[in-house]
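Going by the working numbering, the sequence shown opens with residue 89, and the numbers climb by one from there. These notes are about the structure you will find just below.
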Amino acid sequence: MAPSWHHYGAMQLDPYVEAVQRQLAAAAETGGDQARALAAQLAATLESAVRLAVQDAVASAVSEITCELAPGAVELRLRGRDLEFVVIRRASDSPDRAEPKPLPLPPTPEVDQGAVDRINLRVPARLKMRIEAAATAAGLSVNAWLVRAAAQAAEQASEGAKGDARDEHGSYGGQRFKGWAR
């Protein structure tokens, strides 16, 4: 799928390197002339190490942001001595693109429809936040939203099992690819 748009932004690292150099010089002021001379020598050699450390920290942040933006992405590029961010928004993320309508959800089961069992569900914190946001957007409690989502998934699974028998590889029909690969 081709990207629908890109956003480029550069992050200049010079202010961060200079801040570390200033802090090193300030720390050396408490010592004598020998400490100041040593700090001046260290400041010049620390420049590349500071740039690399900041770049590694930003790369880690970009990786986490990319996970949250899926199917979009954020790329980190080195342009000269500065970092460049490229935000790629996939066509499916495009706000003006019509989203397919979700399948109708089954109604939330009521207590009188049978016994209600309790389960414990552990989810990652990020997923929990997304579940809460989806439940709020649907005007439901988290529990009601989870019950509907589970019911819909169970319904889709049972419909798939009824319609198609699994092949010798354990896959349902229509999910195979044919062709040549190198």
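Yeah, the Cβ is synthetic: ideal placement off N, Cα and C, and Gly gets one too.
Is the Cβ-Cβ distance between residue i and residue j less than 8 Å?
{"i": "glycine 144", "j": "leucine 101", "result": "Looking at the sequence provided, one finds aspartate at residue 144 rather than glycine. Not a contact, by the Cβ cut-off of 8 Å."}
{"i": "leucine 166", "j": "phenylalanine 173", "result": "no"}
{"i": "alanine 127", "j": "alanine 113", "result": "yes"}
{"i": "glutamate 220", "j": "valine 211", "result": "no"}
{"i": "tryptophan 233", "j": "alanine 222", "result": "yes"}
{"i": "valine 162", "j": "valine 146", "result": "no"}
{"i": "alanine 131", "j": "glutamine 109", "result": "yes"}
{"i": "arginine 139", "j": "valine 175", "result": "no"}
Mind checking which residues open and close the alpha helix (DSSP H) that includes residue i?
{"i": "aspartate 138", "result": "It is valine, not aspartate, that sits at residue 138 in the sequence shown. Unbroken alpha helix (DSSP H) run through valine 138: 121-157."}
{"i": "glutamine 111", "result": "102-116"}
Reducing DSSP to helix, strand and coil, say where residue i ends up.
{"i": "isoleucine 176", "result": "strand"}
{"i": "aspartate 170", "result": "strand"}
{"i": "arginine 218", "result": "helix"}
{"i": "leucine 164", "result": "strand"}
Can you have a look at residue i and say buried or exposed, based on whether 16 or more other CB atoms are within 10 angstroms of its CB?
{"i": "alanine 107", "result": "exposed"}
{"i": "alanine 98", "result": "exposed"}
{"i": "glycine 160", "result": "buried"}
{"i": "arginine 185", "result": "Because arginine 185 sits at a pLDDT of 48, beneath the cut-off of 50, its placement in the model cannot be relied upon, and the point is left open."}
Answer yes or no: does any C-beta atom of chain C fall closer than 8 Å to that of residue i?
{"i": "valine 175", "result": "No chain C is present in this structure, which holds just one protein chain."}
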